[in-house]
Every structure is written in structure tokens, then in C-alpha cells.
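**Student:**
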Amino acid sequence: MKYIFYVFSFLCSFSAQAQEDDLFDVFEEEKPRELVYATFKATQLINASTNETPGKGVLQFIMAHRFGSFNDDYLYNFFGLDNAQVRMQLDYGITNRLNLGMGRSSFLKIADGFVKYQLLKQHTGAKSVPVSITLHSSTNYRNSRYTDGIDHAISDRFSYMHQIIIARKWNRKLSTLVSPSLVHFNMVPTSQDPNTS
Numbered sequence: 134m135k136y137i138f139y140v141f142s143f144l145c146s147f148s149a150q151a152q153e154d155d156l157f158d159v160f161e162e163e164k165p166r167e168l169v170y171a172t173f174k175a176t177q178l179i180n181a182s183t184n185e186t187p188g189k190g191v192l193q194f195i196m197a198h199r200f201g202s203f204n205d206d207y208l209y210n211f212f213g214l215d216n217a218q219v220r221m222q223l224d225y226g227i228t229n230r231l232n233l234g235m236g237r238s239s240f241l242k243i244a245d246g247f248v249k250y251q252l253l254k255q256h257t258g259a260k261s262v263p264v265s266i267t268l269h270s271s272t273n274y275r276n277s278r279y280t281d282g283i284d285h286a287i288s289d290r291f292s293y294m295h296q297i298i299i300a301r302k303w304n305r306k307l308s309t310l311v312s313p314s315l316v317h318f319n320m321v322p323t324s325q326d327p328n329t330s
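Adding 133 to a residue's 1-based position in the sequence shown gives its number in our numbering.
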């Protein structure tokens with residue numbers, strides 16, 4: 134009988150402790166949820182997409198250049214300007230999280246259409262989320278002429294890219310980004326080359 138009394142007393146002390154913790158939680162104020170803004174200052178970082186999208190209703194035009202070789206015959210190529218590659222891109226923010234766009238690159242005369250969606254936004258406070266996650270997918274069409282003498286189907290010119298952009302803003306001066314990607318080409322140069330990488 135003493136044994137049952139001790140066990141019962143022991144179990145009751147745990148339930149009283151749990152109620153005490155719950156009572157103190159009522160008095161603590163929850164930290165407000167604060168979104169982390171401007172992980173990066175733009176939607177592009179050099180040649181890579183960031184987790185950022187233009188705001189709702191914002192139309193954005195991007196003109197990017199990749200200069201040619203500076204070493205080889207630099208005066209003849211005017212310091213890399215003559216053999217530069219150019220990309221033009223037009224983005225539109227459907228919502229603050231959804232972005233549609235299209236672009237064209239001078240390299241292989243590739244035209245593309247893409248969609249970018251912010252799945253998670255980094256925020257602090259109650260139930261904080263430590264990273265932002267953005268999904269990015271594009272369909273690319275190669276306009277340049279094939280020089281192999283084979284009559285190619287239109288589907289041979291298509292390639293597809295899917296990306297998960299994981300970003301974190303650590304402080305005002307440091308943000309990091311990782312973007313695992315999957316690229317699929319409908320046609321590759323040789324049968325030994327993988328279509329998907």
C-alpha cells in the first residue's frame with residue numbers, strides 16, 4: 134500500500150510541474166514574426182538567379198554582358214567588347230512570390246521562358262524559418278543553326294532547367310545561397326554525353 138502511495142505521489146508531482154510551466158508560458162510574450170527582407174539586392178547575382186522576385190505588378194528589364202577574352206588580341210577585340218555575349222531579360226511580378234519572365238542570350242541564340250516562386254521566406258520570431266526557399270524552372274530554345282548537316286527536329290532544340298534556391302541572410306553584410314540544379318537537354322553532342330545532369 135505504501136508503494137502505491139509513493140508512486141501516486143511521484144506521478145502527481147510531475148503533472149503539477151507541467152501545469153506550472155503552462156501557467157508561466159501564458160505570461161511570456163511571443164516574439165512577433167518578422168520577415169527578412171533583401172537577402173540579396175537584386176533578382177540576379179552575376180549569372181545566377183537569387184531567391185528574390187520583383188514585387189507584385191513590377192516589370193523589370195535586365196541587360197547583362199559577359200565580356201570576351203582580354204588576353205588574346207585585346208586591341209583587335211577592343212578589350213573584349215567585340216566578342217562579348219549579351220543577355221536581355223524581362224521579368225514581371227504576378228504576386229510578391231510569383232515571377233514570370235523571358236529572355237534571350239546571344240550565346241547559341243537561346244530564347245527562354247521561366248517561372249520563379251518563393252516557397253518559403255526567411256523570418257524570425259515565433260516559429261522562425263532560418264532560410265528562404267525559391268523554386269525556379271525554365272524552358273530554353275536554341276535558335277542557332279546546326280552545322281552537322283543533319284535535319285533536326287524542333288524538339289532537339291529544347292532544354293529544361295529546374296532549380297531549388299536556398300538562401301539565408303546572416304546579417305546586413307553577409308548572405309549565402311546554394312542552388313542545386315537539374316538540367317535536361319533533348320539532344321546532346323554524342324551518345325556518351327548525359328541528357329540530364
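We treat Cβ as the ideally placed atom computed from N, Cα and C, and that holds for glycine.
By Cβ distance below 7 angstroms, which residues in the same chain neighbour Ala-217 in space, the five residues on each side in sequence not counted?
**Tutor:** Position 84 of the sequence shown, counted from the first residue, corresponds to residue 217. Cβ within range, chain order: His-198, Arg-199, Phe-200 and Gly-201.
**Student:** Please report the straight-line C-alpha distance between Phe-240 and Tyr-274, rounded to a whole angstrom.
**Tutor:** Here residue 240 refers to the residue found at position 107 of the sequence shown. Here residue 274 refers to the residue found at position 141 of the sequence shown. Rounded to whole angstroms, Phe-240 to Tyr-274 spans 12 angstroms at the Cα level.
**Student:** So, are the CB atoms of Tyr-293 and Thr-272 less than 7 angstroms apart?
**Tutor:** To locate residue 293, count along the sequence shown from 1; it is residue 160. To locate residue 272, count along the sequence shown from 1; it is residue 139. Cβ distance < 7 angstroms, so Tyr-293 and Thr-272 count as in contact.
**Student:** For Ser-324, which of helix, strand or coil comes out of DSSP?
**Tutor:** Position 191 of the sequence shown, counting from 1, holds the residue named residue 324. Three-state result, Ser-324: coil.
**Student:** Hey, out of Val-248, Thr-309 and Val-321, whose CA is closest to Asp-281's CA?
**Tutor:** Sequence index remark: in the sequence shown, residue 281 carries index 148 (1-based). Ranking the options by Cα distance to Asp-281, first place goes to Val-321.
**Student:** Confirm, please, whether the CB-CB distance from Gly-226 to Thr-186 is below 7 angstroms.
**Tutor:** The sequence position of residue 186 within the sequence shown is 53, counting from 1. The sequence position of residue 226 within the sequence shown is 93, counting from 1. Yes; because the gap between Cβ atoms is below 7 angstroms, this pair is in contact.
**Student:** For Ser-288, does the three-state DSSP call read helix, strand or coil?
**Tutor:** As a working note, residue 288 is residue 155 in the sequence shown. DSSP places Ser-288 in helix when its eight states are reduced to three.
**Student:** Check the DSSP bridge columns for Thr-309 and list the partner residues they point to.
**Tutor:** Position 176 of the sequence shown, counted from the start, is the residue given in the question as residue 309. Note: Thr-309 sits in a beta bridge opposite Arg-301.
**Student:** Going straight from the alpha carbon of Asn-204 to that of Leu-252, what length do you get?
**Tutor:** Counting from one through the sequence shown, the residue named residue 204 turns up at place 71. Counting from one through the sequence shown, the residue named residue 252 turns up at place 119. Going from the Cα of Asn-204 to the Cα of Leu-252 covers about 43 angstroms.
**Student:** Excluding sequence positions up to five away, which residues of its chain have a Cβ less than 8 angstroms from the Cβ of Ala-149?
**Tutor:** The residue labelled residue 149 in the question sits at position 16 within the sequence shown. The predicted position of Ala-149 is uncertain, since its pLDDT is 49 and thus under 50; no value can be drawn from it.
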